[in-house]
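Step one of this worksheet: look at the structure below.
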Amino acid sequence: ALNRWLYSQGQRFSDAQKGYISTLSCIIFKSNTAHIFHVGDSRVYRLRDGALEQLTRDHATAVSPTQSYLVRAMGLDVKLDVDYRSVDIEQGDLFFLSTDGIHDFISDQQLRNHLKPLTELQTENFEENCRQLVDLALTQKSNDNLSCQIIRIDKLPSQDLNDVHQRLTDLPFPPELAIGMSIDGLRIEKELHNSNRSQLYKVVDIETGEAFCMKTPSVNYNDDAAYIERFILESWIGNRINNPHVLKVAGFNRPKNYLYYLTEYIEGITLEKWIKENPNPPIQSVIVIIQQVLKGLRAFHRRETIHQDLKPGNIMLDKNGEAKIIDFGSCHVKAIAEIATPLERDGILGTATYAAPEAVLKGQSLQQSDIFSVAVILFEMLTNKLPFAGKLEECRSKSAYLKTRYTPSYEINPLVPVWLDGTIKKALRFEAGNRHGDVSEFLYEIEHPNPKYKKTYNVALLRSNPSLPWQLLSGGLFIALCVSLYFNPRFFG
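Going by my numbering, the final residue of the sequence shown carries number 859, and the count climbs one at a time with no gaps.
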């Protein structure tokens, strides 16, 4: 957007000395990696172990010994072509960013001599060193922009497994809880769920009387650092998403003595139970629920978070019928996945019955994967059956998926509109690229019937029964003949 704005502003000027053109060099430090984005003739250097290395290349063409022109820059063209590279970082690394008014007038040797003392961790006169470099460039007749920045890596995230495990296990697992027990001012009222991975309890704040849902880790994973990391991430993921159709993680101001987290308590039932209790639901009721689920899912995707385990059991309907997506245990957050760690993280943690082919076969986490899962749920709500005759969970190869057959939902439930089945069928394509591009597109087609699906249905009907037009024509002629004979009895004699 900024590049397009610069380009539009620059079209006003015919003078080459004026305009809205800029270089851009930036570094994003994440975990133990530096991500470098660059366009133009500014530069990024790295000084390591006394060796100075230029990490970017100049996007400029020399037309004389003293003159060069930018060939790529911000605002130079509508389309911006940015160089990207990533490099590992070490403690003590020094990064130097500069414009051509600095590096074109200072030799690499001079630059290295100025920067080398700053690699000592006790030295912190970065601003003074930058001023000295600007002054040096000026004394050496610099007549261009003089900007520079120095960044030193003083400390990196620990990559030692023991250190990571120590940080993750600062809080102990809660003891085995029973109704009536209290923990951190919270009284256990009811056990809601118990599995080999976690437990859920209804708890009440003894001071305020407010009800919450408490999730605790399973003691089976007391020494599993990867499991503990994922459990801690669950509350972090939930805190980032604020949507009426997503379970809210509750704030808790008191000190915690054990590892757990709290969410709002929802008085209601799971969508799984609702499907069992409503084998033939009104179509509009189904659409309303799915609309709410998709709005909640869109909030996940806007935070670059893939749920990965959407299924009826992970969707709650409160007493007002409002749908809420629950359970953050299988979520994939792109930003977290990119962080280097010595832990062996679990891959796809979803349920095969509702999982997209790319998740099962390739371990991919895409927005379209969640869309596929919602389409399976929608099909099940409309028909009380799973698509592809429930054979998705058996598929472990591409050929196995291709052998399955999609039965239109309206063949199972004649009340399902053809356009709605067309929307579902598109969302269930085995190739992710053939599905809806994002949740908003899927939601739009559910809210606005697409007439092309009706046309597709008519064409398919003709292909399956080529003689249908002649049958209809013959039937029409027969009816016309009968009517004619009825109103003209003289034909009978």
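Beta carbons are placed, not taken as given, at the ideal position from N, Cα and C, and that holds for glycine.
Since this is a predicted model, take the numbers as computed values, not measurements.
Same chain only: Cβ atoms within 7 Å of R414, ignoring 5 sequence neighbours per side:
The beta carbon of R414 sits closer than 7 Å to the beta carbons of E456 and D459 from its chain, once the five residues preceding and following it are set aside; these are given in chain order.
Taking all protein chains shown into account, do 16 or more other C-beta atoms lie within 10 angstroms of the C-beta of D675, making it buried, or fewer, making it exposed?
Label assigned to D675: buried.
Give the range of the alpha helix (DSSP H) segment to which P583 is assigned.
Secondary structure note for P583: it is in no alpha helix (DSSP H), and the uninterrupted beta strand (DSSP E) holding it is A577 to P583.
Can you have a look at G876 and say buried or exposed, based on whether 16 or more other CB atoms are within 10 angstroms of its CB?
Shown here, the chain extends from 367 to 859; a query on residue 876 therefore has no answer.
Nearest neighbour of E600, chosen from L663, D449 and T582 [CA to CA]:
In terms of CA proximity to E600, T582 leads the group L663, D449 and T582.
Unbroken beta strand (DSSP E) run spanning T770, endpoints:
Secondary structure note for T770: it is in no beta strand (DSSP E), with a DSSP letter that is neither H nor E.
Using the three-state DSSP reduction, which class does A428 fall into: helix, strand or coil?
Reduced to three states, the DSSP call for A428 is strand.
For Q433, which residues does DSSP report across the bridge?
Within the DSSP bridge table, the entry for Q433 names S430 as partners.
Spatial neighbours of N824 in its chain, beta-carbon cut-off 7 Å, leaving aside the 5 residues before and after
Bear in mind that a pLDDT of 48 at N824, under 50, signals an unreliable position, so the model cannot answer this.
Buried versus exposed call for E746 [16 or more other C-beta atoms within 10 Å across all chains shown]
Buried, because 16 or more other Cβ atoms sit within 10 Å of the Cβ of E746.
Coil, strand or helix - S513 by DSSP:
Coil at S513, not helix or strand.
Span separating the alpha-carbon of F754 from that of L786:
Across the structure, F754 and L786 are spaced so that their CA atoms are roughly 17 Å apart.
Between which residues of its own chain and V448 is the CB-CB distance below 8 Å, once the five residues before and five after are set aside?
L390, F403, H404 and V405.
At least 3 beta-carbon pairs within less than 8 Å: the segment 370-378 vs the segment 429-436:
The segment 370-378, when compared against the segment 429-436, does not touch it at the 8 Å Cβ threshold.
Starting from A591, trace the alpha helix (DSSP H) in both directions and tell me its first and last residue.
DSSP places A591 in the uninterrupted alpha helix (DSSP H) bounded by A591 to R606.
DSSP-derived helix/strand/coil call for A665
Helix, per DSSP.
Please classify H425 as buried or exposed, where buried requires at least 16 neighbouring CB atoms within 10 angstroms.
Looking at its Cβ environment, which holds 16 or more other Cβ atoms inside 10 Å, H425 is buried.
Closer than 6 Å by C-beta to I692: which residues in its own chain qualify, once you throw out the five before and the five after it? Chain order, please.
Within the same chain, I692 has close Cβ partners L613, N680 and M682.
Helix, strand or coil at S830 [DSSP, three-state]:
The pLDDT assigned to S830 is 46, lower than 50, so where the model puts this residue is not dependable; a value taken from the coordinates is nonetheless given after this. Assigned with DSSP and collapsed to three states, S830 falls in helix.
If you draw a straight line from the alpha carbon of A718 to that of E759, how long is it in whole angstroms?
The alpha-carbon separation between A718 and E759 amounts to approximately 5 Å.
Tell whether a beta-carbon distance below 7 Å holds between A860 and Q658.
In the structure displayed, the chain extends from 367 to 859; residue 860 sits before or after that span and is not available.
Roughly how many angstroms lie between the CA atoms of A826 and Y435, to the nearest whole one?
Low local confidence applies: a pLDDT of 46 at A826 is under 50, so the model's placement there is unreliable, with the coordinate-based value given in what follows. About 60 Å.
I need the straight-line Cα distance from D590 to G729, nearest angstrom please.
When rounded, the distance between both Cα atoms is 22 Å.
Is it the case that the Cβ atoms of K820 and V784 are separated by a distance below 7 Å?
Yes.
Are any of the Cβ atoms in chain D nearer than 7 Å to that of I632?
Any reference to chain D falls outside this structure, which holds one protein chain only.
Distance, R423 Cα to R378 Cα:
In a straight line, the C-alpha of R378 is about 30 Å away from that of R423.
From which residue to which residue does the beta strand (DSSP E) around T636 run?
Run containing T636: G634 to T636, per the beta strand (DSSP E) assignment.
How about I737 and D684: are their beta carbons less than 7 Å apart?
No, Cβ-Cβ distance for I737 and D684 is not below 7 Å.
Could you work out which residue in L768, G551 and L748 is closest to P648 when comparing CA atoms only?
It is L748.
Contact set for D474: own chain, Cβ-Cβ below 7 Å, skip 5 residues either direction
So the qualifying residues of the chain are L418.
Kindly list the residues whose CB is nearer than 6 Å to the CB of T465, restricted to its own chain and excluding five residues on each side of it in sequence; keep chain order.
Beyond the five residues adjoining it in sequence on each side, T465 comes within less than 6 Å, by CB distance, of S408, N511 and S513 in the same chain, given in chain order.
What would DSSP say about T719, mapped onto helix, strand or coil?
Helix.
C-alpha distance - Y772 paired with E811, whole-angstrom precision
Cα atoms of Y772 and E811: separation of roughly 20 Å, rounded to the nearest angstrom.
Are three or more beta carbon pairs between the segment 564-575 and the segment 535-555 nearer than 8 Å?
Cβ pair count under 8 Å is three or more, so yes.
Rounded to a whole number of angstroms, what is the C-alpha to C-alpha distance between E913 and N588?
As shown, the chain starts at 367 and ends at 859. That puts residue 913 outside it, with no answer to give.
Beta-bridge pairing of V448 - partner residues as DSSP gives them:
Its beta-bridge partners do not exist; DSSP assigns none.
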